[in-house]
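Taking it in order: structure first as structure tokens, then the write-up.
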Amino acid sequence: MPETEPWEYTLYIPNDVRAVTVARRTLRLILTMHGLIRLTDTAELLAAELVSNAVRHTKGPAALRVRWSAGVLRIGAWDADPEPPEPPGELGALEEEGRGLALVRACADLWGWQPLARHGNRGKYVWCELAAA
532 MPETEPWEYT
542 LYIPNDVRAV
552 TVARRTLRLI
562 LTMHGLIRLT
572 DTAELLAAEL
582 VSNAVRHTKG
592 PAALRVRWSA
602 GVLRIGAWDA
612 DPEPPEPPGE
622 LGALEEEGRG
632 LALVRACADL
642 WGWQPLARHG
652 NRGKYVWCEL
662 AAA
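Quick note: the sequence shown uses our numbering, first residue 532, plus one each step.
See below:
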């Protein structure tokens, strides 16, 4: 049974394509340890898309943030580029690129993004949510 107390983890990752695998495996471990194994497959897909976008489309470091609160799992990726993400295309499109946010939109209960500015650093946070129920 999942915990009722809120929790949060942040994994800071370098700009390296291997970070996607590290993020997926770390997320799987976190969800398993907190009794949320039933959310793992979808959560891994969502995290992989968000982290992949952060690593592939920016030049700086990134971070994966995972938060559980009130029966909702929020997965987000921070990167140093303040530009908004490209709007999601259609999931059925034949292009090899640009389907990540369409997958996020299709699989998550809710998603969005927000610009961030802190201590002179700028960037954005792209997130999605999965309800446990």
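Ideal placement from N, C-alpha and C gives every residue a C-beta, glycine not left out.
Review point. Do three or more CB pairs link the segment 593 to 605 to the segment 539 to 553 at distances below 8 Å?
Key: Flag = yes, the segment 593 to 605 and the segment 539 to 553 touch.
Review point. If you run the structure through DSSP and keep just helix, strand and coil, what is Leu560?
Key: For the purposes of this step, residue 560 is identified with residue 29 of the sequence shown, where counting begins at 1. Leu560: helix per DSSP, three-state reduction.
**Study point:** Opposing strand residues paired with Asn546 [DSSP bridges]
**Key:** Reading the sequence shown from its first residue, position 15 is the one you call residue 546. For Asn546, DSSP records no beta bridge to any residue.
Check your understanding: Quick one, are the C-beta atoms of Glu577 and Ala639 less than 9 Å apart?
Key -> The residue you call residue 577 lines up with position 46 of the sequence shown. The residue you call residue 639 lines up with position 108 of the sequence shown. Looking at the sequence shown, residue 577 is not Glu but Leu. Cβ distance < 9 Å, so Leu577 and Ala639 count as in contact.
Review point. In chain order, which alpha helix (DSSP H) runs of at least 4 residues are fully inside the segment 570 to 649?
Key: 571 to 587 and 631 to 638
Exercise for review: Below 8 Å CB to CB, which residues in the same chain sit around Leu647 once its five sequence neighbours on both sides are set aside?
Suggested key: By one-based count along the sequence shown, residue 647 stands at place 116. Trp609, Pro613, Arg653, Gly654, Lys655 and Tyr656, listed in sequence order.
Point to revise | Three-state secondary structure assigned by DSSP to Ala662 | key: In the sequence shown, residue 662 corresponds to position 131, counting from 1. Note: Ala662 maps to strand in three-state DSSP.
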